[in-house]
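A.B. asks:
Numbering (the numbering used here), first residue to last: 23 to 545.
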């Protein structure tokens, strides 16, 4: 599809002028180190298969934006880019989780793929005969993946200092973040859902209890396990097995946590009760819930990890918030996993709280504490400016895309993808994106289409970050076509029927895999 804005006699001249103007606007010499390739033909069109899908799903063409460029090698090892599609690409749109690409690429370039978060442990006591007589103060810097495996390493490091028993309490220093960024605000009111967990400088296991449920292999009853281990959690299983499919396994399940964590007592006994019915066809499902306050979750998580490592307590800790005293001494500086690994999780599985913490880390590292989202945005905007990229429509609320206010144009997100190819972290960024038909949020996408290429020695691929909110569907990433061409593509749908837009986006990606922009196929 293409717009009809000129008479036939003037079409060629108008299209050539539009192409030249667009090329000048789209590509910055600083960002691309070479002029964009000359444009030809009509850029403002929608591929036929995409247009048909939009019509079938009652999504107007005015609700979608598409930006596609072909990336080519240029002089001095830098890439150049040729625009293939410009359909409403300059329109500011809600990008949903594709906004994570802005956050992760900025962080990889500024902090470096090997950057590691530090969680410092201080004490006001002394170690005598295997016992630490004094309190532990945990001071966080926002490690987004402080999970049980990392806690296990931390406990071993403490034991390597000669500690077997702790005679003191736990205190949690969250001064790295401004209090406002830790408030539990949601856009959908689902405060108990894992994707809505607020940032926390001492975020442990995403503050999420994950229960694994499934029919026992040895008998007719339901096995329930959970992670992370908590020191005072008891599970009561009152569910009944029923002979049903696993499609709607949650519909007859009832869950209650008593008492729900309110911070009044961080070491109290907690009872997780499951009742109702559970389908026998389910072999393993996860029930995730955020039902404990941050201090209770961290206190019981730390205590359980210490006990699992063979450590003991003089008395069970009652963890509290508090800043590190000036007179205390650094006992341990624990380093988390490299940033490159965190970026993999953020982009492949679209982890919201990890992305938010990453943006706050930019603020913390470049502007000091307490970190704020406003300072994080300033760092990102400054970085973009340094690359010669001007995104006046860009709105960043939290860096994760879990927002009704965040906005960017498809043109500029694609421009960022091209700029990424000229950065030292280009391959790390590229490899962090979900692969269609293979992993992440693209694991089950384009599978039928990709089977067409099984006979090829070098198979095409689509590495695409996805995004979805109510009324929003988005894709952004790279496509390597069957002939070896590389395309950068971004497309947003903002419309009440956006949920049905997945097929239109898949049609766009399939078209690129097939070298769609060939002149004989595209017009």
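For each residue, glycine too, the CB sits at the ideal point set by N, CA and C.
For residue 236, which residues from the same chain have a beta carbon less than 8 Å from its beta carbon, with the 5 sequence-adjacent residues on both sides left out?
C.D. replies: Answer for residue 236: 244, 245, 304, 305, 306 and 307, listed in chain order.
A.B. asks: In the DSSP assignment, what residue or residues form a beta bridge with residue 296?
C.D. replies: Residue 296 pairs with 259 and 277.
A.B. asks: Whole angstroms is fine: what's the gap from residue 105's alpha carbon to residue 466's?
C.D. replies: Using only the alpha carbons, I get a separation of about 29 Å.
A.B. asks: Could you compute how far the alpha carbon of residue 65 sits from the alpha carbon of residue 457?
C.D. replies: Rounded to the nearest angstrom, the two C-alpha atoms are 27 Å apart.
A.B. asks: Taking a contact to mean a Cβ-Cβ separation below 8 Å, would you say residue 199 touches residue 164 in this structure?
C.D. replies: Taking 8 Å as the Cβ cut-off, residue 199 and residue 164 qualify as a contacting pair.
A.B. asks: Note down the Cα distance separating residue 539 from residue 449, rounded to an integer number of angstroms.
C.D. replies: Going from the Cα of residue 539 to the Cα of residue 449 covers about 25 Å.
A.B. asks: Pairs of beta-carbons, one from the region 188 to 197 and one from the region 316 to 332, closer than 8 Å: are there three or more?
C.D. replies: Yes: at least three Cβ pairs fall under 8 Å.
A.B. asks: Compare the Cα-Cα distances from residue 426 to each of 117, 103 and 159 and report the closest residue.
C.D. replies: Of 117, 103 and 159, the residue nearest in Cα terms is 117.
A.B. asks: Report yes if the CB atom of residue 436 is closer than 8 Å to the CB atom of residue 336, and no otherwise.
C.D. replies: No, these two residues do not count as a Cβ contact at 8 Å.
A.B. asks: Can the beta-carbon of residue 93 be found closer than 8 Å to that of residue 508?
C.D. replies: Yes, the Cβ-Cβ distance between residue 93 and residue 508 is below 8 Å.
A.B. asks: Using a beta-carbon distance below 8 Å, is residue 496 in contact with chain B?
C.D. replies: Checking the listed chains, one finds no chain B in this structure; it contains a single protein chain.
A.B. asks: Mind checking whether residue 386 and residue 377 have CB atoms under 8 Å apart?
C.D. replies: Not a contact, by the Cβ cut-off of 8 Å.
A.B. asks: Could you tell me how far apart the beta carbons of residue 114 and residue 429 are, in whole angstroms, since I believe they sit closer than 8 Å?
C.D. replies: Between residue 429 and residue 114 the Cβ distance is about 5 Å, and since that is below 8 Å, they are a contact.
A.B. asks: Quickly, what does DSSP pair residue 114 with across the bridge? List them, please.
C.D. replies: Note: residue 114 sits in a beta bridge opposite 431.
A.B. asks: Check each candidate in 328, 349, 453 and 290 and name the one with the smallest Cα separation from residue 366.
C.D. replies: That would be 453, whose Cα lies nearest to the Cα of residue 366.
A.B. asks: If we count Cβ pairs, one from each stretch, closer than 8 Å, do we get three or more for the region 126 to 133 versus the region 171 to 187?
C.D. replies: No, they do not touch.
A.B. asks: Could you check what DSSP says for residue 527 in three-state terms: helix, strand or coil?
C.D. replies: If DSSP states are grouped into helix, strand and coil, residue 527 belongs with the helices.
A.B. asks: Report back the beta-carbon spacing between residue 488 and residue 463 to the nearest angstrom; my notes put them in contact at under 8 Å.
C.D. replies: Correct: roughly 5 Å between the Cβ atoms.
A.B. asks: With a threshold of 16 other CB atoms inside 10 Å of the CB of residue 434, please say whether the residue is buried or exposed.
C.D. replies: Counting Cβ neighbours within 10 Å, residue 434 comes out buried, since at least 16 surround it.
A.B. asks: Taking 8 Å as the threshold (C-beta atoms), are residue 526 and residue 72 in contact?
C.D. replies: Yes, the Cβ-Cβ distance between residue 72 and residue 526 is below 8 Å.
A.B. asks: For residue 330 versus residue 143, is the C-beta spacing smaller than 8 Å?
C.D. replies: No, the Cβ-Cβ distance between residue 330 and residue 143 is not below 8 Å.
A.B. asks: Excluding the 5 residues preceding and the 5 following residue 169 in the sequence, name in chain order all residues of the same chain whose CB lies nearer than 6 Å to its CB.
C.D. replies: Answer for residue 169: 227, listed in chain order.
A.B. asks: Using the Cα positions of residue 137 and residue 363, report the straight-line distance between them to the nearest angstrom.
C.D. replies: Going from the Cα of residue 137 to the Cα of residue 363 covers about 10 Å.
A.B. asks: If you drop the 5 nearest sequence neighbours on each side, which residues of the same chain put their C-beta closer than 6 Å to that of residue 512?
C.D. replies: Excluding residues within five positions, the ones whose Cβ falls inside 6 Å are 89, 432, 435, 436 and 498.
A.B. asks: Among 529, 210 and 407, whose alpha-carbon lies nearest the alpha-carbon of residue 78?
C.D. replies: Comparing Cα positions, the closest option is 529.
A.B. asks: Does residue 516 come out as helix, strand or coil in the three-state DSSP assignment?
C.D. replies: Of the three classes helix, strand and coil, the one that applies to residue 516 here is strand, per DSSP.
A.B. asks: So, with DSSP's three-state summary, where would you put residue 186?
C.D. replies: Looking at residue 186 - three-state DSSP - the assignment turns out to be coil, as it is neither helix nor strand.
A.B. asks: Do residue 251 and residue 326 have their beta-carbon atoms positioned less than 8 Å apart in this structure?
C.D. replies: Yes, the Cβ-Cβ distance between residue 326 and residue 251 is below 8 Å.
A.B. asks: Per DSSP, which one or two residues make a beta bridge with residue 140?
C.D. replies: Answer is 357.
A.B. asks: Ends of the beta strand (DSSP E) at residue 404?
C.D. replies: Here residue 404 belongs to no beta strand (DSSP E); instead the alpha helix (DSSP H) covers 395 to 408.
A.B. asks: Take residue 266 and list the residues in its own chain whose beta-carbon comes closer than 6 Å to its own, dropping the five residues that flank it on each side.
C.D. replies: Excluding sequence neighbours, residue 266 sits near 301.
A.B. asks: In this structure, does DSSP put residue 56 in helix, strand or coil?
C.D. replies: For residue 56, the predicted structure reports a pLDDT of 27, less than 50, and the residue's modelled location is therefore unreliable. The matter cannot be settled from this model.
A.B. asks: Using CA atoms only, rank isn't needed, just tell me which of 100, 69, 70 and 260 is closest to residue 440.
C.D. replies: Residue 440 has its Cα closest to that of 100, out of 100, 69, 70 and 260.
A.B. asks: Judging by CA-CA distance, which residue of 473, 442 and 369 is the nearest neighbour of residue 423?
C.D. replies: Cα-wise, what sits closest to residue 423 is 369.
A.B. asks: Is it a yes or a no for the region 402 to 420 touching the region 477 to 484, going by three-plus beta-carbon pairs under 8 Å?
C.D. replies: As far as the Cβ criterion goes, the region 402 to 420 does not touch the region 477 to 484, which means the pair count is below three.
A.B. asks: Please report how far the alpha carbon of residue 395 lies from the alpha carbon of residue 157, in whole angstroms.
C.D. replies: Those two C-alpha atoms are separated by around 32 Å.
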